[in-house]
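Data first, discussion second: the structure below is written as structure tokens.
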């Protein structure tokens, strides 16, 4: 079992969600996130004064998957979130020790699927 | 002891103060004795003052409608475009008033020379005629300046209707160019046909406060804009309609209440005097039609959508108001209820139907202002005994041909030259950051779902 955490552009969320559904990955959690990287941020103005925004709005997508879905999930996210510009985001994959479905008490692969 | 002295001083000051007005009057008596016996204003003059104050007050109420439009349009769109829509709302009022002063007022009311005609122009900029400030100007109803400001507030409302329909993807600069053309040239020409004494009024057409002249003018322009600009990204995927949910329903509700409030000036002021019978009837028909619109749209919403949709009830109020605007002075209160209720049914069917044919109108402006504007104008021909249905239809048709073709042409030209919509990337990120470099809700984290 793997836990995939992806940070993507907020405006890419809809297409990423659609691509994941296409790849038979239906269970995702999404949260708002602020982050900074090579993109450096953007500037906005307020009452004439320029304000540098360094922490950019990103969306954090968490997906717990069985091992055989790992590459499909990564491909789906990369395909949908990529614009080719700096700031497209990153994907982290880590091993997942346990997974329990609260309603039934199932564990492991059954609980994820 | 000290207290007593203080009290005595206070009394002296009071006495002096009470004497002051009398003292200042002494020289007046001495120099201009006729001031003391200034003649009482006659009944005619009092009537002139009251009429003028009422029409001015109505103008201020119409101004409040712009606040209503701003609240409604920003509430029904996404938070990433709020700065943009508010910017459009405030600049349209400014452009509307300035262009109306420059050319609009003199295009719409060119005077006797073009009576019965199609087009007339009385020259640039507003200038009060010699009798402009007297009862002689308009039969003791209002002064020249009151006339201008009341009509000027109306003019800007027609362009505001378009801003909601093309929200969230129209390019700001192109939209402002279009609005200027609409409010400076298109609206006043149509207005002249009827209210300026042109061919429509000669034909016996009746549109009391502008179901056609204001609302469907805005509605036709909105339709042309939506057709040229195209739907928002992600609204129509294949054959399915994906709802794009407005970010603040309470704000939309406040907007509708404000519009309803402002409508008492829009319709009530269109009597153009404070004649008690006329303004009270108009206010009653206006209220009843709005109420009937709310209930009809709610019932329809329950039947069609299975649950009662608040935004449909809100649209129902506006539908009833737009519907009754053409005949608010000639309909009976009961007829107003029927007109409002049918408008409420129409607006719900139109919102759903217009989405089906893939015309993306985020706030339902075409359904409310165009469909119900047409219905209201035709309803006068149906219900009022001395009005002809065919004449009403002719007015609706000619407005459609003129406004739609000019609007479509201007939008098309803009599309071919500078472009009418923002890039897809800009649309996804939101127009606030891309067009204005600002955010509307700084410090809040808002989920950008679509």
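Protein chains in written order, with our numbering: chain V, 23 to 135; chain A, 1038 to 1487. Don't be surprised by glycine CBs; every beta carbon is placed ideally from N, CA and C. Nothing here was measured: the structure is a model prediction, and the numbers come from that model.
The ligand FAD heavy atoms versus the CB of residue i: any closer than 7 angstroms?
{"i": "residue 70/V", "result": "Annotation note on the ligand FAD: not contained in the displayed structure, which lists no ligands."}
In whole angstroms, give me the CA-to-CA distance for residue i and residue j.
{"i": "residue 1064/A", "j": "residue 1076/A", "result": "Note that residue 1064/A scores a pLDDT of 49, beneath 50, so its modelled location is shaky; the value from the coordinates is reported in the next line. Approximately 20 angstroms between the Cα atoms of the pair."}
{"i": "residue 1351/A", "j": "residue 1293/A", "result": "6 angstroms"}
{"i": "residue 1456/A", "j": "residue 1205/A", "result": "15 angstroms"}
{"i": "residue 1357/A", "j": "residue 1279/A", "result": "27 angstroms"}
{"i": "residue 1471/A", "j": "residue 1464/A", "result": "8 angstroms"}
{"i": "residue 1163/A", "j": "residue 54/V", "result": "54 angstroms"}
{"i": "residue 112/V", "j": "residue 39/V", "result": "16 angstroms"}
{"i": "residue 95/V", "j": "residue 1416/A", "result": "59 angstroms"}
{"i": "residue 1120/A", "j": "residue 87/V", "result": "41 angstroms"}
{"i": "residue 1288/A", "j": "residue 1477/A", "result": "14 angstroms"}
{"i": "residue 1283/A", "j": "residue 1109/A", "result": "10 angstroms"}
{"i": "residue 1238/A", "j": "residue 1325/A", "result": "27 angstroms"}
{"i": "residue 1179/A", "j": "residue 1447/A", "result": "36 angstroms"}
{"i": "residue 134/V", "j": "residue 42/V", "result": "15 angstroms"}
{"i": "residue 1488/A", "j": "residue 1270/A", "result": "As displayed, chain A neither begins before 1038 nor continues past 1487, which places residue 1488/A out of reach and without an answer."}
{"i": "residue 1101/A", "j": "residue 1130/A", "result": "11 angstroms"}
{"i": "residue 116/V", "j": "residue 76/V", "result": "28 angstroms"}
{"i": "residue 1165/A", "j": "residue 1316/A", "result": "27 angstroms"}
{"i": "residue 1118/A", "j": "residue 1420/A", "result": "43 angstroms"}
{"i": "residue 1066/A", "j": "residue 1240/A", "result": "Legend: pLDDT at residue 1066/A = 49, less than 50; position of this residue unreliable, value from coordinates given subsequently. Computed Cα separation, rounded: 59 angstroms."}
{"i": "residue 81/V", "j": "residue 28/V", "result": "8 angstroms"}
{"i": "residue 1386/A", "j": "residue 1249/A", "result": "20 angstroms"}
Establish whether the CB of residue i and some CB of chain V are separated by less than 8 angstroms.
{"i": "residue 1312/A", "result": "no"}
{"i": "residue 1209/A", "result": "no"}
{"i": "residue 1429/A", "result": "no"}
{"i": "residue 1064/A", "result": "Only weak support is given to the placement of residue 1064/A: the predicted model assigns it a pLDDT of 49, under 50, and the question is left unresolved by the model."}
{"i": "residue 1458/A", "result": "no"}
{"i": "residue 1205/A", "result": "no"}
{"i": "residue 1465/A", "result": "yes"}
{"i": "residue 1122/A", "result": "no"}
{"i": "residue 1475/A", "result": "yes"}
{"i": "residue 1188/A", "result": "no"}
{"i": "residue 1394/A", "result": "no"}
{"i": "residue 1480/A", "result": "no"}
{"i": "residue 1432/A", "result": "no"}
{"i": "residue 1470/A", "result": "yes"}
{"i": "residue 1418/A", "result": "no"}
{"i": "residue 1271/A", "result": "yes"}
Just reading off the alpha helix (DSSP H) that residue i is part of, what are its end residues?
{"i": "residue 1287/A", "result": "1286 to 1305"}
{"i": "residue 114/V", "result": "Residue 114/V -> not in any alpha helix (DSSP H); beta strand (DSSP E) instead, spanning 111 to 117."}
{"i": "residue 35/V", "result": "35 to 44"}
{"i": "residue 57/V", "result": "It is not in any alpha helix (DSSP H) - residue 57/V instead sits in the beta strand (DSSP E) that spans 51 to 57."}
{"i": "residue 1143/A", "result": "1142 to 1145"}
{"i": "residue 30/V", "result": "Careful: residue 30/V lies outside any alpha helix (DSSP H), inside the beta strand (DSSP E) at 24 to 30."}
{"i": "residue 66/V", "result": "Unbroken run through residue 66/V is the beta strand (DSSP E), 64 to 68; no alpha helix (DSSP H)."}
{"i": "residue 1409/A", "result": "1409 to 1420"}
Would residue i pass as an interface residue toward chain A - the criterion being a Cβ-Cβ separation below 8 angstroms?
{"i": "residue 76/V", "result": "no"}
{"i": "residue 104/V", "result": "no"}
{"i": "residue 29/V", "result": "no"}
{"i": "residue 66/V", "result": "yes"}
{"i": "residue 33/V", "result": "yes"}
{"i": "residue 46/V", "result": "no"}
{"i": "residue 36/V", "result": "yes"}
{"i": "residue 54/V", "result": "yes"}
Beta-carbon within less than 7 angstroms of residue i's beta-carbon, same chain only, minus the 5 sequence neighbours each way: which residues are those?
{"i": "residue 1236/A", "result": "1153, 1154, 1155, 1230"}
{"i": "residue 1134/A", "result": "1189, 1193"}
{"i": "residue 1320/A", "result": "1301, 1305"}
{"i": "residue 1383/A", "result": "1356, 1408, 1409, 1412"}
What are the boundary residues of the beta strand (DSSP E) that residue i is part of?
{"i": "residue 78/V", "result": "78 to 87"}
{"i": "residue 73/V", "result": "71 to 75"}
{"i": "residue 1174/A", "result": "Per DSSP, residue 1174/A belongs to no beta strand (DSSP E) and is neither H nor E."}
Verify whether the separation of the beta carbon atoms of residue i and residue j is less than 8 angstroms.
{"i": "residue 1490/A", "j": "residue 1440/A", "result": "As shown, chain A starts at 1038 and ends at 1487. That puts residue 1490/A outside it, with no answer to give."}
{"i": "residue 66/V", "j": "residue 1480/A", "result": "no"}
{"i": "residue 120/V", "j": "residue 128/V", "result": "no"}
{"i": "residue 102/V", "j": "residue 110/V", "result": "no"}
{"i": "residue 1311/A", "j": "residue 1087/A", "result": "yes"}
{"i": "residue 47/V", "j": "residue 108/V", "result": "no"}
{"i": "residue 1377/A", "j": "residue 1337/A", "result": "no"}
{"i": "residue 1220/A", "j": "residue 1148/A", "result": "no"}
{"i": "residue 1399/A", "j": "residue 1113/A", "result": "yes"}
{"i": "residue 1307/A", "j": "residue 1246/A", "result": "yes"}
Which chain B residues are close to residue i, counting only those with a beta carbon under 9 angstroms from its beta carbon?
{"i": "residue 51/V", "result": "Absent from the structure: chain B. Protein chains present are V and A."}
So, at 8 angstroms on beta carbons, what are the nonlocal neighbours of residue i in its own chain, with the 5 sequence-adjacent residues on each side left out?
{"i": "residue 1267/A", "result": "1206, 1397, 1458"}
{"i": "residue 1070/A", "result": "In this predicted model, residue 1070/A has a pLDDT of only 48, less than 50, meaning its place in the structure is not dependable enough to derive any value."}
{"i": "residue 1172/A", "result": "1081, 1082, 1085"}
For residue i, I'd like the list of residues in its chain whose CB is within less than 6 angstroms of its CB, leaving aside the five on either flank, ordered along the chain.
{"i": "residue 1198/A", "result": "1255, 1259, 1402, 1406"}
{"i": "residue 1027/A", "result": "Chain A is shown only over 1038 to 1487; residue 1027/A falls outside these bounds and no answer can be derived."}
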